[in-house]
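Chemist: Per my numbering, the sequence shown starts with residue 1055, numbered consecutively.
Note that CB positions come from ideal geometry on N, CA and C, so glycine has one too.
It should be emphasised that the depicted structure is a prediction, and the values quoted were computed from it without experimental measurement.
One structure, as C-alpha coordinates, below. Some questions next.
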Amino acid sequence: MATRLDGNALAGALSEVFREDVTAARARCIGCGGVSPIGGAVVYPDAPGLVARCASCDQVLATIVDAGDRVFLSLSGMSTIELRR
(Lines of atoms letter the chains of each structure in order from A and count residues from 1; the text may use other names and numbers.)
(Lines give C-alpha, C1' and ligand atoms only; values in the text may rest on other atoms or scores of the structure.)
Protein backbone atom coordinates (compact mmCIF):
# COMPACT_ATOMS: atom_id res chain seq x y z
CA MET A 1 0.00 0.00 0.00
CA ALA A 2 1.30 3.48 -0.90
CA THR A 3 2.03 5.96 1.86
CA ARG A 4 -0.66 8.64 2.07
CA LEU A 5 -0.13 11.98 3.85
CA ASP A 6 -2.15 15.18 4.09
CA GLY A 7 -1.12 18.44 2.44
CA ASN A 8 0.90 19.52 5.46
CA ALA A 9 3.62 17.19 4.20
CA LEU A 10 4.28 19.79 1.47
CA ALA A 11 5.26 22.54 3.92
CA GLY A 12 9.00 22.01 3.75
CA ALA A 13 9.15 21.61 -0.02
CA LEU A 14 6.93 24.64 -0.66
CA SER A 15 8.95 26.84 1.68
CA GLU A 16 12.06 25.93 -0.32
CA VAL A 17 10.36 26.68 -3.65
CA PHE A 18 8.77 30.02 -2.77
CA ARG A 19 11.57 31.58 -0.73
CA GLU A 20 13.07 33.48 -3.68
CA ASP A 21 11.76 36.06 -6.14
CA VAL A 22 9.84 34.00 -8.70
CA THR A 23 9.52 36.64 -11.44
CA ALA A 24 12.47 35.02 -13.25
CA ALA A 25 10.81 31.60 -13.09
CA ARG A 26 9.55 30.32 -16.42
CA ALA A 27 5.89 29.34 -16.64
CA ARG A 28 3.85 27.52 -19.28
CA CYS A 29 0.56 29.19 -20.21
CA ILE A 30 -2.44 26.84 -20.36
CA GLY A 31 -3.95 28.99 -23.12
CA CYS A 32 -1.25 29.06 -25.79
CA GLY A 33 1.39 26.70 -24.37
CA GLY A 34 4.01 29.43 -24.48
CA VAL A 35 6.83 29.37 -21.92
CA SER A 36 8.23 32.65 -20.64
CA PRO A 37 9.42 34.33 -17.45
CA ILE A 38 6.61 35.25 -15.04
CA GLY A 39 8.04 38.77 -15.00
CA GLY A 40 7.08 39.07 -18.68
CA ALA A 41 3.35 38.73 -17.94
CA VAL A 42 1.02 41.70 -18.31
CA VAL A 43 -0.28 42.70 -14.87
CA TYR A 44 -3.50 44.59 -14.22
CA PRO A 45 -3.54 46.13 -10.72
CA ASP A 46 -7.03 47.71 -10.88
CA ALA A 47 -9.05 44.59 -9.99
CA PRO A 48 -9.69 43.68 -6.35
CA GLY A 49 -6.19 42.19 -6.57
CA LEU A 50 -3.43 41.73 -9.11
CA VAL A 51 -4.31 39.88 -12.32
CA ALA A 52 -1.41 38.54 -14.43
CA ARG A 53 -2.15 37.66 -18.06
CA CYS A 54 -0.06 35.95 -20.74
CA ALA A 55 1.63 38.55 -22.94
CA SER A 56 1.01 36.34 -25.99
CA CYS A 57 -2.63 35.23 -25.69
CA ASP A 58 -4.13 37.23 -22.77
CA GLN A 59 -4.95 34.07 -20.75
CA VAL A 60 -5.21 34.78 -17.01
CA LEU A 61 -2.08 33.20 -15.50
CA ALA A 62 -2.38 34.24 -11.88
CA THR A 63 -4.39 36.30 -9.43
CA ILE A 64 -3.21 37.61 -6.07
CA VAL A 65 -5.65 39.19 -3.66
CA ASP A 66 -4.42 40.75 -0.43
CA ALA A 67 -7.28 40.47 2.06
CA GLY A 68 -5.47 41.95 5.04
CA ASP A 69 -4.89 38.98 7.30
CA ARG A 70 -4.90 36.54 4.34
CA VAL A 71 -3.60 36.36 0.78
CA PHE A 72 -5.46 34.47 -1.93
CA LEU A 73 -3.23 33.11 -4.70
CA SER A 74 -4.34 31.37 -7.87
CA LEU A 75 -1.84 30.07 -10.42
CA SER A 76 -4.49 28.20 -12.41
CA GLY A 77 -3.42 29.66 -15.76
CA MET A 78 0.02 28.05 -15.57
CA SER A 79 0.46 24.35 -16.22
CA THR A 80 4.07 24.35 -14.98
CA ILE A 81 6.51 26.70 -13.29
CA GLU A 82 10.25 26.10 -13.69
CA LEU A 83 12.34 27.42 -10.79
CA ARG A 84 16.13 27.40 -10.79
CA ARG A 85 17.96 26.34 -7.64
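(1) Apply the 10 Å Cβ neighbour rule to residue 1064 and answer buried if 16 or more other Cβ atoms are within range, or exposed otherwise.
(2) Who pairs with residue 1104 in a beta bridge, going by DSSP?
(3) Under the three-state reduction of DSSP, which class applies to residue 1081: helix, strand or coil?
(4) Per DSSP, which one or two residues make a beta bridge with residue 1029?
(5) Out of curiosity, what's the CA-to-CA distance linking residue 1126 and residue 1116?
(6) Across which residues does DSSP place residue 998 in a beta bridge pair?
(7) Helix, strand or coil: which one does DSSP assign to residue 1128?
(8) For residue 1059 and residue 1120, what's the separation of their Cα atoms in angstroms?
Modeler: With the structure as the only source:
(1) exposed
(2) 1118
(3) strand
(4) Outside the shown range of the chain (1055 to 1139) lies residue 1029, about which nothing can therefore be said.
(5) In a straight line, the C-alpha of residue 1126 is about 10 Å away from that of residue 1116.
(6) In this structure the chain extends from 1055 to 1139, so residue 998 is not present and cannot be described.
(7) strand
(8) Approximately 29 Å between the Cα atoms of the pair.
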